[in-house]
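Peer 1: Protein sequence lines correspond, in order, to chains A and B. Numbered according to numbering that gives the first Met the number 0, the first sequence spans residues 0 to 484. Numbered according to numbering that gives the first Met the number 0, the second sequence spans residues 0 to 498. Where a beta carbon is used, it is the ideal one built from N, C-alpha and C, also for glycine.
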Amino acid sequence: MISPSSSWLIWPIIVPLLGAVLCFLAGKPPRRTGLLFAVLTGGASLVLGWQVLARGIESHALGAWRPPLGISLRADGAAALMVTMTAVTGLAVSIYSGGYFQSRLTGDDRDRRRLAQEQYFWPLWLLLWGALNGLFLSGDVFNIYICLELVALSSVGLTALSGKPPSLVAAMRYLLVSLLGSLSFLLGVGFFYKTCSTLELAAIIGALAPTPPMIMALALVSAGLLLKTALFPFHFWLPPAHANALSPVSAILSGLVIKGTWYLFYRFWQEEILLAAVGALPAILGGGAIIWGAFQAFSQQRLKMLVAYSTVAQIGYLFVAFPLLADPAGMGGPALFYFAISHSFAKGAMFLAAGTFLLQMGHDRIDDLAGVRQILPVSSFAFALGGLSLMGLPPSGGFIAKYLYVTTAITQGRWWLALLVVLGSGLTAAYVFRAVAAILSPRLLEERPQLAVAASMQWSALALALMAMLLGIVATLPLALLGVK
Amino acid sequence: MVWQNWLLVAILLSSMVPGLIIFSLAESNRGWRTALNILGATVKMILVLVMIVGIYQGRRFAVHLRLLPDIELVLRADPLSALFVALSSLLWLLTTIYAIAYLEDSPNRSHFFGYFSLCVTVTIGIALAGNLLTFLFFFEMLTLTTYPLVIHRGTPEAMAAGRVYLLYTLSGGLLLFFGVAWLHALAGQIDFSRQGVLLPLLAEHRLSLILIFAVLIAGVGVKGALVPLHGWLPRAMVAPAPVSALLHAVAVVKAGAFGIMRIVLDVYGLPLSRELGLLMPLLLLAAITIIHGSLLALGQDNLKRRLAYSTVSQVSYIALGISIGSPLAIMGGMVHLVHQGIMKITLFFCAGNIAETLEIHDISGMNGVGRRMPLTMGAFTLAAMGMIGLPPMAGFVSKWYLGLGAIDQGMEWLIAVLVLSTLLNAAYFLPIIHRAWFKEPAAPWPGTPGPTGFRECHWMLVAPPILTALLSLLVGLLANSGLSPLAWVRFIVATRYGP
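#1: Counting only C-beta atoms, is TYR402 of chain A closer than 8 angstroms to chain B at any point?
#2: Go ahead and pull the three-state DSSP assignment for GLU71 of chain B.
#3: So with Cβ pairs under 8 angstroms, would you call VAL421 of chain A a contact of chain B?
#4: Could you give the first and the last residue of the continuous alpha helix (DSSP H) run that contains HIS247 of chain B?
#5: Closest Cβ-Cβ distance between GLY153 of chain B and chain A: below 8 angstroms?
#6: Buried or exposed: LEU450 of chain A, going by 16 or more other Cβ atoms within 10 Å of its Cβ?
#7: Report yes or no: is there a C-beta of chain A within less than 8 angstroms of the C-beta of ARG65 of chain B?
#8: Cβ of PHE177 of chain B less than 8 angstroms from any chain A Cβ?
#9: Looking only at C-alpha atoms, which of A:PHE398, A:THR32, A:THR88 sits nearest to LEU45 of chain A?
#10: Can you tell which of B:GLN408, B:LEU477, B:TYR427 has the C-alpha that lies nearest to the C-alpha of PRO390 of chain B?
#11: Quick check on HIS59 of chain A: does DSSP put it in helix, strand or coil?
#12: Excluding the 5 residues flanking ALA43 of chain A on each side, which residues of the same chain have their C-beta closer than 7 angstroms to its C-beta?
#13: Which residue or residues does DSSP assign as beta-bridge partners of SER71 of chain A?
#14: Do you know offhand how far VAL214 of chain B's Cα is from LEU466 of chain B's?
#15: In the DSSP assignment, the alpha helix (DSSP H) including TYR167 of chain B goes from what residue to what residue?
#16: Are there 16 or more other CB atoms within 10 angstroms of the CB of MET50 of chain B, so buried, or fewer, so exposed?
#17: Within the 8 angstroms Cβ cut-off, does LEU465 of chain A reach chain B?
#18: From ARG29 of chain B to VAL435 of chain A, what distance separates their C-alpha atoms?
#19: Tell me where the alpha helix (DSSP H) around GLN299 of chain B begins and ends.
#20: Give the residues from the stretch 435 to 458 of chain A that approach chain B closer than 7 angstroms (Cβ to any Cβ), ordered along the chain.
#21: Given that a residue counts as buried once 16 or more other Cβ atoms are within 10 Å of its Cβ, and exposed if not, what is LEU225 of chain B?
#22: Secondary structure at LEU225 of chain B, three-state DSSP: helix, strand or coil?
#23: From LEU185 of chain A to VAL220 of chain A, what distance separates their C-alpha atoms?
#24: Quick one: using the 10 Å Cβ neighbour count with 16 as the cut-off for buried, is LYS303 of chain A buried or exposed?
#25: In whole angstroms, what is the alpha-carbon distance linking GLY367 of chain B and LEU374 of chain B?
#26: Against chain B, does VAL220 of chain A count as a neighbour if the rule is that its beta carbon must be under 8 angstroms from one of theirs?
#27: Have a look at the DSSP bridge pairing and note the partners of LEU64 of chain B.
#28: For GLY220 of chain B, count neighbouring Cβ atoms within 10 angstroms of its own Cβ and tell me buried if that reaches 16, exposed if not.
#29: Can you list, in chain order, the residues of its chain whose CB lies under 7 angstroms from that of LEU147 of chain A, leaving out five sequence neighbours each side?
#30: Might you give, ordered along the chain, the residues of its own chain that have their beta carbon closer than 8 angstroms to the beta carbon of SER14 of chain B, omitting 5 neighbours on each side?
#31: Can you find a C-beta in chain B that's less than 8 angstroms from the C-beta of LEU478 of chain A?
#32: Does DSSP put SER181 of chain A in a helix, in a strand, or in coil?
#33: Can you tell me where the alpha helix (DSSP H) holding ILE204 of chain A begins and where it ends?
#34: Check whether chain B comes within 8 angstroms of VAL405 of chain A, counting only Cβ atoms and requiring the distance to be less than that.
#35: THR407 of chain A and LEU323 of chain A - do their beta-carbons sit closer together than 8 angstroms?
#36: In terms of residues, what are the limits of the alpha helix (DSSP H) holding TRP268 of chain A?
Structure (structure tokens):
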């Protein structure tokens, strides 16, 4: 039986999965159904976030089967924050997608393919959303593995949707990498089960010890997750996949999907025993990502490639601060999570805005974008605001995250980390302004082309960017949610 | 009382809201845009007056917003912020009037005035910031709101200048960020209103404190155009004249100078700065900047570039006064914040008028301009005299107090610096004045005078410089009256930084 007090936990998972099934069964492109279920899922997630904030940790055993046998769900502050983040980005992406697929219809032969794209988009996206929520809320590793696979498969499907050769190649590579990562994860889970005789994540983490099977298990799990999160030097598959996908899909992949695997990595690696022993490892890789990704982003010619490489760099920030988790004042975790949610909103907004430019201009060559501001003022503004958060300039969530990073690092005496973060913001500014200078350029267009972009696309991009800015002013609320332990 | 706290927010909103609305207005919607601009600027002036009267009566205005568990955003109006706020709001009103006429019929006006209003909002935010984090918050936003103004013309030179501007200011911002975070890690939140909080750290963290000071000053020094961090300023001259005027007199350069004041006087405090031996290096840096800027100005033929280098030199009087450290010198430096603003904005208005009406950009082409545009050149002459420091103009009052303060502190050699700087100022301003009034024009002026027989240019272009020129005469002439900037500065120093 479902106990009434905590049954809410299942809705953020059940609702989108149900929506995915209904959308899949619908005959024509299920835009209305998709949007309806997106709103319901978003609402259910936000309610969960509010419940956790008001009442503390929620947990629930599905069908009243207790662990180690049953499926257990658990929402602490961190999980609730991730679910809430997914809801915000997901809602903006869904509204954007409604306008996106509508705007692409031109009334000629190519529309059949575009209708088919939309027909598959909605079920895949809702499946992905449900699986991500499952990933955040699951309490045992086998469940997590299943959600991980669902996330991977639906993301690959979404990547392939565009149907153009580059995106098919990218999707294929993404599929192989993902499968390899999942396999590695599953092997690790097997080792864990053999050693601990349980699949409950909390129990496994509690039993972590420097014994050979444990080290092996952890190495496998971590390698799988790093591969899927595309941490440098495992990032090779990410830029083509994120850049060539349909624009709403790019936002989903960069804003949400990588956060799922990162979150799992965090849950294993937040333990002091690990941080003390090998905490420097993710930090070093993260540092490499920050620098390498920024240089790659700067040298791109296409806007979506630039934004995709920026994701490579920003993933670095998600890992570089792992040593800070051992902070006695406990500000390391908030710093990381704050960065994660800010990046989700900011990067989502940038990809959504880039999508409007691509649709309007028919290309996304940075040097030829000058003047786009006059046709698409709202999404140009959204792109610039997203970039602001990425650079860590106030007022934005990125600024708060960077501030937390640097103050915590200095307090702990990790000067290299503080300097790296500051240097990284400088590099970020360089590539962001390469794009922003073109987009905000005051050069006038000679003729004013017809508007090819629905208003809802521009405004949903701006709304997401404004959320990233809002994070820079009301930081206490997300931090309070995160503090629920 | 509640209304007092909301007053500060209202002062910020009075330019932010019109700015945001202007963004959404159509390009052709000139009437609404102008109305909103003037309305916002006027409302802001009234609110600022209310605030100043309140401060004088001893009221305290402050707004707090908790940002992180251990730090807040604070807006607080103390007498020093009132000085900067008053300057910004007055000059914003005049610059807005000027810009409306200046940009007539040019493209992208909604965009321009939108950012223009945001820029002033942010400058007021800098003035009202109650702690270092809030200061940093607005200081970084200033970079972002001024960048679109610098590249407003969209030409390749403008875009290149924009890149240089960003390179300098964002790097400065990163330094400032690092310094602020470092100081936070060391000492927690540092309010400008409580002095001496860093003193207990002296024994244990002497070296850190010195390094942080250097990082902070370098961070704000970029915008304040301290040599060798001044390279962006002359290049940013490609921006339209109202933007240059705003950048030089109110917003960017002043924000840097204001930051130096806050860091030395309110974060470290004079006793600690002296104890750490930080004032002398800053003093030398300021003195070098003063001389170096003037020397560079001498070599420029382009009028706006000469004015730009003159700004480099003049703004450092502020840092000079602060780093001398005696009450009289601080008064001289502080009052120069206002005096330099009024004078420099006059000069830029005039340069804009000359460039716009006669298409003269170089000093060598200015022969006889005074006969064609007597009002503009009259204002220019007045302001230039003030810059040189002729009594009874505003610039004289600043220099007089700086000199007195230096003698108080036993630094007689600084008089030599001031005299040398005055000579250099004269050397680069007097030739311009001479050319404009006493030389014959090389060719007849382009364009015929208007139907009324004689017309320089639009009255909205002529009135602001005349007003500011007269103002720069009045604040010097009436320096000893109760309503002058000097009187207010005396009030500040007496209440907070007295001996």
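Peer 2: Working from what's here:
#1: Mapped onto the first sequence, residue 402 of chain A falls at position 403. Answer yes: the Cβ-Cβ gap between TYR402 of chain A and chain B drops below 8 angstroms somewhere.
#2: Position 72 of the second sequence holds residue 71 of chain B. The answer is strand: DSSP assigns GLU71 of chain B an E or B state.
#3: The residue given as residue 421 of chain A occupies position 422 in the first sequence. Interface residue, yes.
#4: Residue numbering aside, residue 247 of chain B sits at position 248 when the second sequence is read from its first letter. Per DSSP, HIS247 of chain B belongs to the alpha helix (DSSP H) from 240 to 248.
#5: Position 154 of the second sequence, counting from 1, holds the residue named residue 153 of chain B. Yes - at least one Cβ of chain A is within 8 angstroms of the one on GLY153 of chain B.
#6: For the purposes of this step, residue 450 of chain A is taken as the residue at position 451 of the first sequence. Classification for LEU450 of chain A: exposed.
#7: Working through the second sequence from its first residue, we reach residue 65 of chain B at position 66. Yes - at least one Cβ of chain A is within 8 angstroms of the one on ARG65 of chain B.
#8: Here residue 177 of chain B refers to the residue found at position 178 when the second sequence is read from its first residue. Output row for PHE177 of chain B: interface = yes.
#9: The residue labelled residue 45 of chain A in the question sits at position 46 within the first sequence. When only C-alpha atoms are compared, the closest one is A:THR88.
#10: As a first step, residue 390 of chain B must be located in the second sequence, where it is residue number 391. If we check each option's Cα against that of PRO390 of chain B, B:LEU477 comes out closest.
#11: For the purposes of this step, residue 59 of chain A is taken as the residue at position 60 of the first sequence. Three-state DSSP puts HIS59 of chain A in a strand.
#12: Working through the first sequence from its first residue, we reach residue 43 of chain A at position 44. The residues are TRP10, PRO11, VAL14.
#13: Position 72 of the first sequence, counted from the start, is the residue given in the question as residue 71 of chain A. In DSSP, SER71 of chain A forms a bridge with A:ALA60.
#14: What you label residue 214 of chain B is simply residue 215 of the second sequence in a count that begins at 1. What you label residue 466 of chain B is simply residue 467 of the second sequence in a count that begins at 1. Cα-Cα distance, rounded: 39 angstroms.
#15: Translated into the one-based positions of the second sequence, residue 167 of chain B becomes position 168. 155 to 186 is the extent of the alpha helix (DSSP H) around TYR167 of chain B.
#16: Locating residue 50 of chain B in the second sequence gives position 51, counting from the first residue. By the 10 Å Cβ count, MET50 of chain B comes out buried.
#17: Here residue 465 of chain A corresponds to residue number 466 of the first sequence, with the count starting at 1. No, because no Cβ of chain B sits closer than 8 angstroms to the Cβ of LEU465 of chain A.
#18: Position 30 of the second sequence, counted from the first residue, corresponds to residue 29 of chain B. Position 436 of the first sequence, counted from the first residue, corresponds to residue 435 of chain A. The straight-line gap from Cα to Cα measures roughly 27 angstroms.
#19: As a working note, residue 299 of chain B is residue 300 in the second sequence. Unbroken run through GLN299 of chain B: none, as it is neither H nor E.
#20: ALA436, LEU439, SER440, PRO441, ARG442, LEU443
#21: As a working note, residue 225 of chain B is residue 226 in the second sequence. The residue is buried, with at least 16 neighbouring Cβ atoms inside 10 Å.
#22: Stepping through the second sequence from its first residue, residue 225 of chain B is reached at position 226. Three-state result, LEU225 of chain B: coil.
#23: Stepping through the first sequence from its first residue, residue 185 of chain A is reached at position 186. Stepping through the first sequence from its first residue, residue 220 of chain A is reached at position 221. About 7 angstroms.
#24: On the first sequence, residue 303 of chain A is found 304 positions in, with the first residue counted as 1. With 16 or more other Cβ atoms within 10 Å, it is buried.
#25: Mapped onto the second sequence, residue 367 of chain B falls at position 368. Mapped onto the second sequence, residue 374 of chain B falls at position 375. About 13 angstroms.
#26: Stepping through the first sequence from its first residue, residue 220 of chain A is reached at position 221. It does not: the Cβ of VAL220 of chain A has no partner Cβ on chain B nearer than 8 angstroms.
#27: Counting from 1 along the second sequence, the entry for residue 64 of chain B is found at position 65. Bridge partners of LEU64 of chain B: B:LEU72.
#28: Your numbering for residue 220 of chain B matches position 221 in the second sequence. Counting Cβ neighbours within 10 Å, GLY220 of chain B comes out buried, since at least 16 surround it.
#29: Position 148 of the first sequence, counted from the first residue, corresponds to residue 147 of chain A. For LEU147 of chain A, where only same-chain residues beyond five positions count, the Cβ hits under 7 angstroms are LEU134, SER181, PHE184.
#30: To locate residue 14 of chain B, count along the second sequence from 1; it is residue 15. For SER14 of chain B, where only same-chain residues beyond five positions count, the Cβ hits under 8 angstroms are GLY39, ALA40, LYS43, TRP91, SER116, LEU117, VAL119, THR120, ILE123.
#31: Translated into the one-based positions of the first sequence, residue 478 of chain A becomes position 479. Answer yes: the Cβ-Cβ gap between LEU478 of chain A and chain B drops below 8 angstroms somewhere.
#32: In the first sequence, residue 181 of chain A corresponds to position 182, counting from 1. Three-state DSSP puts SER181 of chain A in a helix.
#33: Counting from 1 along the first sequence, the entry for residue 204 of chain A is found at position 205. Residues 200 to 205.
#34: As a position in the first sequence, residue 405 of chain A is number 406, starting the count at 1. Output row for VAL405 of chain A: interface = yes.
#35: Position 324 of the first sequence, counting from 1, holds the residue named residue 323 of chain A. Position 408 of the first sequence, counting from 1, holds the residue named residue 407 of chain A. Yes, the pair counts as a contact, with Cβ atoms nearer than the cut-off.
#36: As a working note, residue 268 of chain A is residue 269 in the first sequence. Note, TRP268 of chain A: alpha helix (DSSP H), 257 to 268.
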